[in-house]
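Asker: One structure, as structure tokens, below. Some questions next.
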Amino acid sequence: MKKVLLSLMMATSLVACGEKAEAPKENEKPIIKIGATLPLTGDAAEAGQAAKAGLEMVLDDLSQKGLKYDYRLIFEDNQMNPQKVATTINKMVNIDNVKAVLSFWNLMGNVSSALAEQNNVFSFTCSIGEDSTKGKYNFNNYASNYQQAEVLVETLKEYNVKTVALFTDNSGMRHQFEVVKDYMKNHSDIEIVFEEFFNPGEKDYKAAIIKASTKNPDMYLYSGYNPSTYIFMKQLKEITGKNNNVTTIDMFFDMAVKDRDIIEGLWYVDSNLNGTKEFQDRLLKEKGLVSQSCTGNTAANLEIIVNAYENALVSEGETIPSNDAVRDWIFANVKDFDTVGGRVSVVREGLFDKKPSIKKMINREPVVVEE
Amino acid sequence: MLLHLLINTLIVGSGYGLVAMAFRLMYSVSPFFNMTLGAIAALGAYTAYWLLNLGTPLPVVVVAALLMSALFSSFLEICIYTPMRNHGASSMILMVASLGVYTIFESVIHLIFGPQYQTLGNINSAINVNLGFVNIPLVQFLTIIANIVVFVFLNYFLHHTFTGKQIRAVNDSSTLANIIGMKNNQIILLVSVLTGLILGLDGVLVGYDTGMEPTMGFNLLFKGMIGAIIGGLANLRGAFFGALFLALAENVGVLLFASEWRDLIAFVIFITFLSLRPKGIFQKKGE
Numbered sequence: 029m030k031k032v033l034l035s036l037m038m039a040t041s042l043v044a045c046g047e048k049a050e051a052p053k054e055n056e057k058p059i060i061k062i063g064a065t066l067p068l069t070g071d072a073a074e075a076g077q078a079a080k081a082g083l084e085m086v087l088d089d090l091s092q093k094g095l096k097y098d099y100r101l102i103f104e105d106n107q108m109n110p111q112k113v114a115t116t117i118n119k120m121v122n123i124d125n126v127k128a129v130l131s132f133w134n135l136m137g138n139v140s141s142a143l144a145e146q147n148n149v150f151s152f153t154c155s156i157g158e159d160s161t162k163g164k165y166n167f168n169n170y171a172s173n174y175q176q177a178e179v180l181v182e183t184l185k186e187y188n189v190k191t192v193a194l195f196t197d198n199s200g201m202r203h204q205f206e207v208v209k210d211y212m213k214n215h216s217d218i219e220i221v222f223e224e225f226f227n228p229g230e231k232d233y234k235a236a237i238i239k240a241s242t243k244n245p246d247m248y249l250y251s252g253y254n255p256s257t258y259i260f261m262k263q264l265k266e267i268t269g270k271n272n273n274v275t276t277i278d279m280f281f282d283m284a285v286k287d288r289d290i291i292e293g294l295w296y297v298d299s300n301l302n303g304t305k306e307f308q309d310r311l312l313k314e315k316g317l318v319s320q321s322c323t324g325n326t327a328a329n330l331e332i333i334v335n336a337y338e339n340a341l342v343s344e345g346e347t348i349p350s351n352d353a354v355r356d357w358i359f360a361n362v363k364d365f366d367t368v369g370g371r372v373s374v375v376r377e378g379l380f381d382k383k384p385s386i387k388k389m390i391n392r393e394p395v396v397v398e399e
Numbered sequence: 012m013l014l015h016l017l018i019n020t021l022i023v024g025s026g027y028g029l030v031a032m033a034f035r036l037m038y039s040v041s042p043f044f045n046m047t048l049g050a051i052a053a054l055g056a057y058t059a060y061w062l063l064n065l066g067t068p069l070p071v072v073v074v075a076a077l078l079m080s081a082l083f084s085s086f087l088e089i090c091i092y093t094p095m096r097n098h099g100a101s102s103m104i105l106m107v108a109s110l111g112v113y114t115i116f117e118s119v120i121h122l123i124f125g126p127q128y129q130t131l132g133n134i135n136s137a138i139n140v141n142l143g144f145v146n147i148p149l150v151q152f153l154t155i156i157a158n159i160v161v162f163v164f165l166n167y168f169l170h171h172t173f174t175g176k177q178i179r180a181v182n183d184s185s186t187l188a189n190i191i192g193m194k195n196n197q198i199i200l201l202v203s204v205l206t207g208l209i210l211g212l213d214g215v216l217v218g219y220d221t222g223m224e225p226t227m228g229f230n231l232l233f234k235g236m237i238g239a240i241i242g243g244l245a246n247l248r249g250a251f252f253g254a255l256f257l258a259l260a261e262n263v264g265v266l267l268f269a270s271e272w273r274d275l276i277a278f279v280i281f282i283t284f285l286s287l288r289p290k291g292i293f294q295k296k297g298e
């Protein structure tokens, strides 16, 4: 019995040793795997599915131009749960051997950036969080809070607004809110007569609006996510009879079209996260999906990574560019770089920046007023 | 400003009040923390949403939403809670089961309608009611009226009808009620239908006022439950006034401090009452 077992073990070992890692054949392109940790199911599934479709569309387009390497997208579902974000990234890095991880929004971007950096892979995100660019290989494609504040405050000055009431919720928007306040204080005479923070998911803003109305501000500014935006504006109109407010970030695209009457005629700062009009139209036509927050920017990130790998220098003895070579290429070349997310440039610390625009809701469609 | 705040207290308190009265009513005959009450309210909202999208006239939509909630409530009672009760399940087990049912319901709504926020009404078609000193949206006015009507109706029903007295008898002592030949399960089923109707109505009103999401049920139930406990689970007026008191405390808190404190204030009041006056503001005589 012992001899049989020993023979079996030896035979198994020989077979295992005989199995070599398959080296790329002569005409096969080196494979570059890019992971994307997205909320494909759960509350944010709409955004996750739109991002996935956008990525697939962009990779198809790029492949048709002929690429040096074989890019493989690996999708993992994180259900917008931070623990699952971590699990999916660990899986993609350690098992799938991805070279880069894509993600979006603060909750996912911060976790993704930190883990990717620990594992020496790239992280490209679209996130309001400042932490997502701390690492050497971290990149964030987002209009900086400072730029948004600048555009907002300069537009307020053009409209001769003297006093404002500021509202936001205690999510990632609060930091942006602080930047707006700071810019307002340092670059304008606009007086903040009232400010209030809400807990995420709040449905009753009326008491706060009543309090603010006693200060008689020229404008009520709300910074937040839908549905809070919709409910706030509805209640603002109910209490004050006015509808003259603006949000600092565009969360209207995920507002049902029938609900957009609430912001008809209002201007707002659009950080252009959901891609160029052409990209959005194609996504709807070809995939039947509406572009969501960061859909455009996530797809743009893929464009940038692929272009970087295609053009970065390959050291002798290597089959693909090193991380440093890719990073160097990005810093040297991503300047007024046209992507499906718009024209971007690298600024400090791995932040891709593009100037927000001012849009107005006309007949339920956002129309550019100022770029 | 104070007038506006008082009106807002009435509006918010009425929303809490409908759920609080439904919770109290159900609790009186089936004493466990029934999480599916939130799902029943949400079903009313989503039924209305579905029918409105099919172009159904509004009166039909409202009636259908109420009936659907009542049907769902009685279905749960017949298929889940009564059998469990008959097998001797404790209130803890019933509560856990209700949590499971709520989770299933939320997932089903998510699958059918998606995770997006939805509204029943269009802001352009919102009608305001002029009360002389203030204008309020029709749906909020109707919420106040509904709360008062339900309170008056339930008070009359429970104290001046034979069935109402039977319900109060089961509330006082289900064992004794059983001994004297009352059919407790039928009483509980009737109460579940009534509860379903009230919650369905609340769901529709909330759907018009602040919109809906698959997770709306829990949020609706939570504040209503706190209101009912603060007021006292012993009688209906406890639920009615407890909900108003909660809304008043929240609005005063926002006025004096900040909106961030709203939930904190609700919890502090809740814990304070549980610690110092667990039977609520309106305790039964002799308690």
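Quick note, the sequences are listed as chains G and B, same order.
Numbered according to our numbering, the first sequence spans residues 29 to 399.
Numbered according to our numbering, the second sequence spans residues 12 to 298.
Note that the Cβ used here is the ideal one computed from N, Cα and C, for glycine as well.
1) In three-state DSSP terms, what is Asn-227 (chain G)?
2) Could you tell me which chain B residues have their CB closer than 9 Å to the CB of Glu-266 (chain G), listed as they occur along the chain?
3) Any contact between the stretch 109-118 of chain B and the stretch 221-232 of chain B? By contact I mean 3 or more CB pairs, one from each, below 8 Å.
4) Do the stretch 27-44 of chain B and the stretch 176-195 of chain B make contact, defined as three or more Cβ pairs closer than 8 Å?
5) So Asn-169 (chain G) and Phe-380 (chain G) are in contact, right, with Cβ under 8 Å, and what is the actual spacing, rounded?
6) Do the CB positions of Thr-326 (chain G) and Gly-370 (chain G) come within less than 7 Å of each other?
7) List, in chain order, every chain G residue whose beta-carbon is nearer than 9 Å to that of Tyr-219 (chain B).
8) Taking 7 Å as the threshold (beta carbon to beta carbon), is Met-236 (chain B) in contact with chain G?
9) DSSP puts Met-247 (chain G) in a beta bridge; with which residues?
10) Give me the subset of the stretch 71-95 of chain B whose CB atoms are less than 9 Å from a CB atom of chain G, sorted by chain position.
11) For chain G, check one thing: does any of its Cβ atoms lie closer than 7 Å to the Cβ of Gly-222 (chain B)?
12) For the stretch 210-238 of chain G, which residues have a beta carbon sitting closer than 8 Å to at least one beta carbon of chain B?
13) In the DSSP assignment, find the unbroken alpha helix (DSSP H) run with Tyr-60 (chain B) in it and report its ends.
14) So Ile-241 (chain B) is in the beta strand (DSSP E); what residue range does that whole segment cover?
15) Which residues of chain G have a Cβ atom closer than 8 Å to the Cβ of Ser-270 (chain B), listed in chain order?
16) For Pro-58 (chain G), would you say it is in contact with chain B, using Cβ-to-Cβ distances shorter than 7 Å as the test?
17) So Gly-218 (chain B) is in the alpha helix (DSSP H); what residue range does that whole segment cover?
18) Would you tell me roughly how many angstroms separate the C-alpha atoms of Ala-177 (chain G) and Ser-321 (chain G), rounded to the nearest one?
19) Where do the N-terminal and C-terminal ends of the alpha helix (DSSP H) with Asp-274 (chain B) fall, by residue?
20) Since I believe Val-73 (chain B) is in contact with Asp-160 (chain B) (beta carbons under 8 Å), could you give me their beta-carbon distance rounded to a whole number of angstroms?
21) Strictly under 7 Å for the Cβ-Cβ distance: is Thr-242 (chain G) near chain B by that measure?
22) Does any CB atom of chain G fall closer than 7 Å to the CB of Leu-23 (chain B)?
23) Can a CB atom of chain G be found closer than 7 Å to the CB of Glu-298 (chain B)?
24) Tell me the DSSP bridge mates of Phe-293 (chain B)?
25) Is any beta-carbon of chain B found at less than 7 Å from that of Pro-394 (chain G)?
26) What would DSSP say about Asp-466 (chain G), mapped onto helix, strand or coil?
27) Classify Lys-387 (chain G): buried if its beta carbon has 16 or more other beta carbons within 10 angstroms, exposed otherwise.
28) Pull the bridge partners of Glu-104 (chain G) from the DSSP assignment, please.
29) Taking Cβ-Cβ distances shorter than 8 Å, what residues in chain B pair up with Glu-74 (chain G)?
30) What are the partner residues of Ala-128 (chain G), as DSSP defines its beta bridges?
31) Applying the criterion that 16 or more other CB atoms from any shown protein chain within 10 Å of the CB defines a buried residue, is Ser-373 (chain G) buried or exposed?
32) Bridge partners of Ser-373 (chain G), per DSSP?
33) Residues bridged to Tyr-99 (chain G) by DSSP?
34) Counting only beta-carbon separations shorter than 7 Å, does Asp-89 (chain G) have a partner in chain B?
35) Just to confirm, is the Cβ distance from Ala-76 (chain B) to Gly-99 (chain B) under 7 Å?
36) Would you kindly work out how many angstroms separate the C-alpha atoms of Phe-402 (chain G) and Leu-301 (chain G), rounded to a whole number?
Answerer: The short version:
1) Assigned with DSSP and collapsed to three states, Asn-227 (chain G) falls in coil, not helix or strand.
2) The answer, in chain order, is Ala-137, Asn-139, Asn-146, Ile-147, Pro-148 and Gln-151.
3) Note that the stretch 109-118 of chain B touches the stretch 221-232 of chain B; at least 3 beta-carbon pairs, one per stretch, sit closer than 8 Å.
4) Flag = yes, the stretch 27-44 of chain B and the stretch 176-195 of chain B touch.
5) Right, their Cβ atoms sit about 4 Å apart.
6) The answer is no: Cβ separation not under 7 Å.
7) Going along chain G, no residue has its Cβ under 9 Å from Tyr-219 (chain B), so there is no contact; the nearest lies around 11 Å.
8) Not one chain G Cβ lies under 7 Å of Met-236 (chain B).
9) G:Val-192.
10) Answer in chain order: no residues at all.
11) True, the Cβ-Cβ gap to chain G drops below 7 Å.
12) Correct list: Glu-224, Phe-225, Phe-226, Asn-227, Gly-229, Glu-230, Lys-231, Asp-232, Tyr-233, Lys-234, Ala-235, Ala-236 and Ile-238.
13) It spans 47-64 - the alpha helix (DSSP H) in which Tyr-60 (chain B) sits, taken as one unbroken run.
14) Run containing Ile-241 (chain B): none in the beta strand (DSSP E); it sits in the alpha helix (DSSP H), 227-242.
15) Ser-270 (chain B) reaches chain G at Glu-224, Phe-225, Phe-226, Asn-227, Glu-230, Tyr-233, Ala-235 and Ala-236, counting residues in chain order whose Cβ is nearer than 8 Å.
16) Not an interface residue.
17) For Gly-218 (chain B), the uninterrupted alpha helix (DSSP H) run begins and ends at 195-220, by DSSP.
18) Going from the Cα of Ala-177 (chain G) to the Cα of Ser-321 (chain G) covers about 19 Å.
19) Note, Asp-274 (chain B): alpha helix (DSSP H), 273-287.
20) The question names Asp, but residue 160 (chain B) is Val in the sequence shown. At roughly 14 Å, the Cβ-Cβ gap does not stay under 8 Å, so Val-160 (chain B) and Val-73 (chain B) are not in contact.
21) When Cβ-Cβ separations below 7 Å define contact, Thr-242 (chain G) makes contact with chain B.
22) Note on residue identity: the sequence assigns Val, not Leu, to residue 23 (chain B). True, the Cβ-Cβ gap to chain G drops below 7 Å.
23) Since pLDDT at Glu-298 (chain B) reaches only 41, below the 50 mark, its modelled position is unreliable, and no value is offered.
24) Partner(s): none; Phe-293 (chain B) has no beta bridge.
25) The beta-carbon of Pro-394 (chain G) is placed no less than 7 Å from the nearest beta-carbon of chain B.
26) Residue 466 (chain G) is absent from the structure shown; chain G starts at 29 and stops at 399.
27) Buried is the call here.
28) The partner list for Glu-104 (chain G) (beta bridge, DSSP) reads G:Thr-65.
29) Per Cβ cutoff of 8 Å: Gly-125, Pro-126 and Gln-127.
30) In DSSP, Ala-128 (chain G) forms a bridge with G:Ile-62 and G:Phe-150.
31) Counting the other CB atoms within 10 Å of its CB gives Ser-373 (chain G) a total below 16, which places it among the exposed residues.
32) In the DSSP output, where bridge partners are listed per residue, Ser-373 (chain G) has G:Asp-381.
33) Here Tyr-99 (chain G) is bridged, per DSSP, to G:Ile-60.
34) Judged by the 7 Å Cβ criterion, Asp-89 (chain G) is not in contact with chain B.
35) Taking 7 Å as the Cβ cut-off, Ala-76 (chain B) and Gly-99 (chain B) do not qualify as a contacting pair.
36) This structure cannot speak to residue 402 (chain G), because chain G is shown only from 29 to 399.
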